[in-house]
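Visitor: Chains as they are written, first to last, in numbering that gives the first Met the number 0: chain U, 0 to 387; chain E, 0 to 260. Glycine included, every Cβ here is placed at the ideal spot set by N, Cα and C. Quick one: structure below, then a few questions.
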Amino acid sequence: MRYFIIILLFFISGHSLARIIVVCKTCPVEGIGVAIQLAQEGDTILVKRGIYQEYDIKIDKCLTLIGQDWPVVEGGNQSEVFSITAPGVTMEGFQIQNTGASQSQERAGIRIKNTSDFRIRRNRLLNTYFGIYLEYSRDGIVEDNYIKGEAVSETTSGNAVHAWYCKQITVRGNSVYGHRDGIYFEFVDSSWISHNYSEANVRYGLHFMFSNDDRYFHNTFRHNGSGVAVMFSKRIDMIANHFEHNWGTAAYGLLLKEIYDASLRDNHFDRNTIGIFMEGAARINYENNTFSNNGITLKMMGGCIANHFKGNFFFSNTLDLVVEGNTNDNSFDGNYWSEYTGYDLNRDGVGDVPYRPVKLFAYVMHRCPESVVLLRSFFVDLLNLSEK
Amino acid sequence: MLKILKYSFFDMMRSRWIYLYFGFFFAFTLSLFLISTDLSKVVVSLMNVILILCPLIATVFGVMYYYNSREFTELLLAQPIARRVIFLGQYIGLALSLSLSLLAGVGIPFVIYGIFQSADIWNFFSLLLNGVFLSFIFSGISFWIALKNDQQKIRGFGLALAVWLFFAVIYDGIFLLLLLSFSDYPLERFALGASMFNPIDLSRITVLLQLDISALMGYTGAVFQQFLGNGTGMLFAFGVLTLWLLLPLWRIGRIAGVKDF
Chain U
0 MRYFIIILLF
10 FISGHSLARI
20 IVVCKTCPVE
30 GIGVAIQLAQ
40 EGDTILVKRG
50 IYQEYDIKID
60 KCLTLIGQDW
70 PVVEGGNQSE
80 VFSITAPGVT
90 MEGFQIQNTG
100 ASQSQERAGI
110 RIKNTSDFRI
120 RRNRLLNTYF
130 GIYLEYSRDG
140 IVEDNYIKGE
150 AVSETTSGNA
160 VHAWYCKQIT
170 VRGNSVYGHR
180 DGIYFEFVDS
190 SWISHNYSEA
200 NVRYGLHFMF
210 SNDDRYFHNT
220 FRHNGSGVAV
230 MFSKRIDMIA
240 NHFEHNWGTA
250 AYGLLLKEIY
260 DASLRDNHFD
270 RNTIGIFMEG
280 AARINYENNT
290 FSNNGITLKM
300 MGGCIANHFK
310 GNFFFSNTLD
320 LVVEGNTNDN
330 SFDGNYWSEY
340 TGYDLNRDGV
350 GDVPYRPVKL
360 FAYVMHRCPE
370 SVVLLRSFFV
380 DLLNLSEK
Chain E
0 MLKILKYSFF
10 DMMRSRWIYL
20 YFGFFFAFTL
30 SLFLISTDLS
40 KVVVSLMNVI
50 LILCPLIATV
60 FGVMYYYNSR
70 EFTELLLAQP
80 IARRVIFLGQ
90 YIGLALSLSL
100 SLLAGVGIPF
110 VIYGIFQSAD
120 IWNFFSLLLN
130 GVFLSFIFSG
140 ISFWIALKND
150 QQKIRGFGLA
160 LAVWLFFAVI
170 YDGIFLLLLL
180 SFSDYPLERF
190 ALGASMFNPI
200 DLSRITVLLQ
210 LDISALMGYT
220 GAVFQQFLGN
230 GTGMLFAFGV
240 LTLWLLLPLW
250 RIGRIAGVKD
260 F
């Protein structure tokens, strides 16, 4: 027992050896970079309110950095601001701004490289080229950050949260605005994206490339160039997200391209020019989603196999479904269509005549896009009526 | 001319049909508002009705009014008044009363539901303006047809309705057929040109381009937007509609001048 207490005491005292280094303009330690050099593994650096003109700050030890009252770290359009290369780093409460743009360096507000167990939470990143850039990292959390960029075009801007070759990361509760992509995943596996808000990004609200076994849920994507693009990925779960107001001549709520074995549940698609655009999408289950006020709700291009729509709600969309060629073995069962004009004699709540979601005009429009000028004309209404 | 205009205007205003016309638009717009309070949605729903109904009613009223007031016209012709003045006065009185019914019938519910506080006010105005243009154009065309077939009521009626049917339905059918058969070629310019030759299509496209739905129209829509979407494009569209208006007026003046009554 006595040995046990001694050992316990050793651990407690060992733990309390971790120091707190306070950084402020009138403290002995005036800069964040200096504080990191002074610190040892496991120390905490507390940065107080003020403006710190520092960039290229390398965090190569296991440290906890805490900003008190939003200290501003000003990159002055010179270079990257923070780069984290040690495992177990926590960063919280900083305002990081102005990295300046650079195509060759891909400057980031916070870069996390070859490491694990990081925790980036409650930071503000303003006008950074890339916001938070993760590469070759795993088991970390990016949480509750506010990232706002000033992107004008796709080629001159970076992504708000950018992940490349990562595993088991969580991106949660962030608000991202005005970047190229709100959240970008490339070669990222087994990760979760949840409760984020992505608005006014130039390209996509969320973008997957070559990423497998991921799940995103309870996110909102609004007013982006396009909502979400999921490309060349497998086994992605999309649950209870909102895809709203992705409106423009080449915009869609969700783009599915070369994606297999995915599922969509409880999502809301409202006011998108194209609700879901599918190309080479196979073995996907769509359940209990709501589609309202979209232009073209579902557009199925080539190579769409075994897409199963069950129990979805389709309200006041201009066109419900546009398909290219055959419907293959895609199926529609037990969906609600607001355009349904059939009857229900036995009153079991299910119409007796099946609804045919592809209208004649939708087919004509697909064959000859110019015929869209006849949209909403009397003749087209007659055309659709004559088909019934 | 003002006297004749006034006379035929008040003559129309006494007719119970014009109140029915007003009542229909009033009730219809009001019921649309009861279903949905979203102004822009109401504008879209109204568009379909106005684009079909305004030309149809104007056509029917135009022929009917001409044949019904034929005896009075004969009386006027016996007076020392220029023929052009008689017919133009009657026509403008008719078209004006039709437009007024439309404006009041659609306008009053919109004012009640607060169009002046809404951002959709311009969509609403362009819809009404197009409705008025269509009323004038189609009552003019039907007046022209009736004047030409002065003695043959049935023929006049049939022809006027055929013209309406042509512009409302058949024209679009031929249009679509042409688009489909030449779909290998770039057709945006053709589509743009072809829509100028049908006042109903032109009105529909100018209204649609101002609504959100224009984004759905893809590349073709973009070509239209570029051409018709800005201020000069709008002026151009209304210029073409004015030409459509002047065509029957000119013919009425011509025929009235040389016709043997």
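Among the residues of its own chain, which have a CB less than 6 Å from the CB of residue 47(U), if the five just before and after it don't count?
Guide: On the first sequence, residue 47(U) is found 48 positions in, with the first residue counted as 1. Excluding sequence neighbours, residue 47(U) sits near 23, 67.
Visitor: Measuring alpha carbon to alpha carbon, tell me which of 183(U), 156(U), 125(U), 93(U) ends up nearest residue 64(U).
Guide: Translated into the one-based positions of the first sequence, residue 64(U) becomes position 65. When only C-alpha atoms are compared, the closest one is 93(U).
Visitor: Can you list, in chain order, the residues of the segment 149 to 177 of chain U whose Cβ is nearer than 9 Å to any Cβ on chain E?
Guide: none
Visitor: Which stretch, first to last residue, makes up the alpha helix (DSSP H) that contains residue 101(E)?
Guide: Residue mapping note: residue 101(E) aligns to position 102 of the second sequence, counting from 1. Run containing residue 101(E): 82 to 111, per the alpha helix (DSSP H) assignment.
Visitor: Heavy atom of the ligand HEM less than 7 Å from the Cβ of residue 210(E), yes or no?
Guide: Looking for the ligand HEM in the displayed structure turns up nothing, as the structure carries no ligands at all.
Visitor: Taking the alpha-carbon positions, what's the residue 279(U) to residue 259(U) distance?
Guide: Taking the first residue of the first sequence as position 1, residue 279(U) is located at position 280. Taking the first residue of the first sequence as position 1, residue 259(U) is located at position 260. The alpha-carbon atoms of residue 279(U) and residue 259(U) are separated by roughly 8 Å.
Visitor: At 4 residues or longer, and completely inside the segment 56 to 87 of chain U: list those alpha helix (DSSP H) runs for me, N to C.
Guide: none
Visitor: Under the rule that 16 or more other beta-carbon atoms within 10 Å means buried, what is residue 257(E), buried or exposed?
Guide: Translated into positions along the second sequence, residue 257(E) becomes position 258. By the 10 Å Cβ count, residue 257(E) comes out exposed.
Visitor: Starting from residue 201(E), follow the alpha helix (DSSP H) in both directions and report where the run begins and ends.
Guide: On the second sequence, residue 201(E) is found 202 positions in, with the first residue counted as 1. 198 to 209 is the extent of the alpha helix (DSSP H) around residue 201(E).
Visitor: Going residue by residue through the segment 107 to 170 of chain U, where are the continuous beta strand (DSSP E) segments of at least 3 residues, counting only ones entirely within it?
Guide: Entirely contained in the segment 107 to 170 of chain U, the beta strand (DSSP E) runs reaching 3 residues are, in chain order, 107 to 112, 118 to 120, 123 to 125, 129 to 134, 140 to 142, 145 to 147, 160 to 166.
Visitor: Using a Cβ cut-off of 8 Å (strictly closer), state whether residue 221(E) contacts chain U.
Guide: Within the second sequence, the letter at position 222 stands for residue 221(E). Yes, contact with chain U.
Visitor: What do you get for residue 332(U), buried or exposed, if any count of 16 or more other CB atoms within 10 angstroms of its CB means buried?
Guide: In the first sequence, residue 332(U) corresponds to position 333, counting from 1. Looking at its Cβ environment, which holds fewer than 16 other Cβ atoms inside 10 Å, residue 332(U) is exposed.
Visitor: Buried or exposed for residue 42(E), please, with buried defined as at least 16 other CB atoms from any protein chain shown within 10 angstroms of its CB.
Guide: On the second sequence, residue 42(E) is found 43 positions in, with the first residue counted as 1. By the neighbour-count rule (16 or more Cβ atoms within 10 Å), residue 42(E) is buried.
Visitor: Would you kindly check if the distance between the Cβ of residue 301(U) and the Cβ of residue 324(U) is under 8 Å?
Guide: As a first step, residue 324(U) is located in the first sequence; it is residue number 325 there, counting from the start. As a first step, residue 301(U) is located in the first sequence; it is residue number 302 there, counting from the start. Yes.
Visitor: Since I believe residue 110(U) is in contact with residue 98(U) (beta carbons under 8 Å), could you give me their beta-carbon distance rounded to a whole number of angstroms?
Guide: Counted from its first residue, the first sequence places residue 98(U) at position 99. Counted from its first residue, the first sequence places residue 110(U) at position 111. With a Cβ gap of about 10 Å, residue 98(U) and residue 110(U) do not count as contacting.
Visitor: Quick one, are the C-beta atoms of residue 61(E) and residue 142(E) less than 8 Å apart?
Guide: Translated into positions along the second sequence, residue 61(E) becomes position 62. Translated into positions along the second sequence, residue 142(E) becomes position 143. In this structure, residue 142(E) lies closer than 8 Å to residue 61(E) by Cβ.
Visitor: Inspect the beta-carbon positions of residue 158(E) and residue 173(E) and report whether they are closer than 8 Å.
Guide: Along the second sequence, read from residue 1 onward, the residue named residue 158(E) stands at position 159. Along the second sequence, read from residue 1 onward, the residue named residue 173(E) stands at position 174. Judged by beta-carbon spacing, residue 173(E) lies beyond the 8 Å limit of residue 158(E), meaning their Cβ atoms are not closer than that value.
Visitor: Could you tell me the boundaries of the alpha helix (DSSP H) in which residue 129(E) lies?
Guide: Against the second sequence, residue 129(E) aligns to sequence position 130. 120 to 147 is the extent of the alpha helix (DSSP H) around residue 129(E).
Visitor: How would you write the range of the alpha helix (DSSP H) that residue 163(E) sits in, first residue to last?
Guide: As a working note, residue 163(E) is residue 164 in the second sequence. Its alpha helix (DSSP H) spans residues 152 to 164.
Visitor: For residue 343(U), count neighbouring C-beta atoms within 10 Å of its own C-beta (all shown protein chains included) and say buried if the count is 16 or more, exposed if not.
Guide: In the first sequence, counting from the first residue as 1, residue 343(U) sits at position 344. Its Cβ having fewer than 16 others within 10 Å, residue 343(U) is exposed.
Visitor: Consider the Cβ of residue 356(U): report whether some Cβ of chain E lies at a distance smaller than 8 Å.
Guide: In the first sequence, counting from the first residue as 1, residue 356(U) sits at position 357. False, the Cβ-Cβ gap to chain E never drops below 8 Å.
Visitor: I'd like to know whether the C-beta of residue 264(E) is nearer than 8 Å to at least one C-beta of chain U.
Guide: Because chain E spans 0 through 260 in this model, residue 264(E) falls outside it and cannot be assessed.
Visitor: Run the CB neighbour count on residue 52(E), radius 10 Å, all protein chains shown included, and call it buried at 16 or more, exposed below.
Guide: Residue numbering aside, residue 52(E) sits at position 53 when the second sequence is read from its first letter. The residue is buried, with at least 16 neighbouring Cβ atoms inside 10 Å.
Visitor: What residues of chain U sit near residue 47(E), judged by a beta carbon separation below 9 Å?
Guide: One-based indexing of the second sequence puts residue 47(E) at position 48. The answer, in chain order, is 375, 376, 377, 380.
Visitor: With DSSP as the reference, label residue 385(U) as helix, strand or coil.
Guide: Here the question's residue 385(U) lines up with position 386 in the first sequence. Correct three-state label for residue 385(U): helix.
Visitor: If you reduce the DSSP assignment to three classes, tell me which class residue 2(E) lands in.
Guide: Locating residue 2(E) in the second sequence gives position 3, counting from the first residue. Helix.
Visitor: Which whole-angstrom value describes the C-beta separation of residue 79(U) and residue 120(U), a residue pair presumed to lie in contact below a C-beta threshold of 8 Å?
Guide: Stepping through the first sequence from its first residue, residue 79(U) is reached at position 80. Stepping through the first sequence from its first residue, residue 120(U) is reached at position 121. The Cβ separation is near 20 Å, so there is no contact.
Visitor: Please report whether the beta-carbon of residue 136(E) lies at a distance below 8 Å from any beta-carbon of chain U.
Guide: Along the second sequence, one-based indexing puts residue 136(E) at 137. It does not; no Cβ of chain U falls within 8 Å.
Visitor: With distances taken between CB atoms, is the gap from residue 157(U) to residue 126(U) smaller than 8 Å?
Guide: Counting from one through the first sequence, the residue named residue 157(U) turns up at place 158. Counting from one through the first sequence, the residue named residue 126(U) turns up at place 127. In this structure, residue 126(U) does not lie closer than 8 Å to residue 157(U) by Cβ.
Visitor: Assuming contact is defined by CB atoms lying nearer than 8 Å, are residue 48(E) and residue 125(E) in contact in what I supplied?
Guide: For the purposes of this step, residue 48(E) is identified with residue 49 of the second sequence, where counting begins at 1. For the purposes of this step, residue 125(E) is identified with residue 126 of the second sequence, where counting begins at 1. No; because the gap between Cβ atoms is not below 8 Å, this pair is not in contact.
Visitor: Does the separation of the CB atoms of residue 171(E) and residue 378(U) fall below 8 Å?
Guide: Within the second sequence, the letter at position 172 stands for residue 171(E). Within the first sequence, the letter at position 379 stands for residue 378(U). Cβ atoms of residue 171(E) and residue 378(U): closer than 8 Å.
Visitor: Beta carbon of residue 210(U), beta carbon of residue 184(U): below 8 Å?
Guide: Along the first sequence, one-based indexing puts residue 210(U) at 211. Along the first sequence, one-based indexing puts residue 184(U) at 185. Annotated as proximal: residue 210(U) and residue 184(U), with beta-carbon spacing under 8 Å.
Visitor: Name the chain B residues that come within less than 7 Å of residue 369(U), Cβ to Cβ?
Guide: Absent from the structure is chain B; the protein chains it does hold are U and E.
Visitor: From the DSSP output, in three-state form, read off residue 267(U) for me.
Guide: Mapped onto the first sequence, residue 267(U) falls at position 268. In this structure, residue 267(U) counts as strand in the three-state DSSP scheme.
Visitor: Which residue wins for smallest C-alpha separation from residue 174(U), given the options 372(U), 188(U), 123(U)?
Guide: Position 175 of the first sequence, counted from the start, is the residue given in the question as residue 174(U). Among 372(U), 188(U), 123(U), the Cα nearest to that of residue 174(U) belongs to 123(U).
Visitor: Please name the residues in the segment 307 to 330 of chain U whose beta-carbon is closer than 9 Å to at least one beta-carbon of chain E, in chain order.
Guide: 315, 317, 318
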